[in-house]
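Enquirer: Encoded as structure tokens, here's the structure I'll be asking about.
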Amino acid sequence: MNDLEERIKECYARLNKRLSGKSGKFPFEFFIRDDAGYYHIEYNDSGKISFVGTDRGRDTCRYETYDVCELMYWIFKGAAFSRGQAYEFEHRHSTNDPRRIWFPKAVEEISKISPEWAERMKTEQEEILQVHPFVDDPFGVTKKDH
């Protein structure tokens, strides 16, 4: 195993322990494309790391960095997002925009790893809401007929 792969896996284990209480197995492959809507990691000799999503033979997204910490943010941002969505599903309010529940929960989850990451995620969520504001009761379920 390459030194960079080892560093990535060690960093993941340390941060995952903060999030979930256990180190856990690193969930991504290196250089092995899944092509079923999943992510993998690539890197080159210069140290550039790519976090790549693929589906049906095509790249759907590609994030690139030289910083293992940045890679970890992308990985754990996804984990926090998933935890927020799962929490929202269990506490759903039929007429409220689900992001009202899952956005704060995702921030709460990632704050277990880093307060700075929590602030960063909160800022990213605010930027999303500037473009795509909350939409409560989009189908008029709670409106009374007159």
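So the sequence shown is numbered by the working numbering: it starts at 2 and just counts up by one.
Positions of the beta carbon are idealized from the N, C-alpha and C atoms, including for glycine.
If you're wondering where the values come from, they're calculated on a predicted model, not measured in any experiment.
Just checking my contact of T96 with V53 at CB under 8 Å: how many whole Å lie between their CB atoms?
Expert: Their Cβ separation, rounded to whole angstroms, is 38 Å, which puts T96 and V53 out of contact at 8 Å.
Enquirer: Any idea if A87 is buried or exposed, counting beta-carbon neighbours within 10 angstroms, 16 or more meaning buried?
Expert: exposed
Enquirer: For the stretch 29-39 against the stretch 55-64, are there 3 or more C-beta pairs whose distance is under 8 Å?
Expert: yes
Enquirer: What does the Cβ neighbour count give for R84, buried or exposed, with the cut at 16 atoms within 10 Å?
Expert: Per the 10 Å Cβ criterion, buried.
Enquirer: Note down the Cα distance separating K148 from V108, rounded to an integer number of angstroms.
Expert: Limits of the chain in this structure are 2 at one end and 147 at the other, which puts residue 148 out of reach.
Enquirer: Terminal residues of the continuous beta strand (DSSP E) containing S51?
Expert: From DSSP, the beta strand (DSSP E) with S51 extends over I50 to D56.
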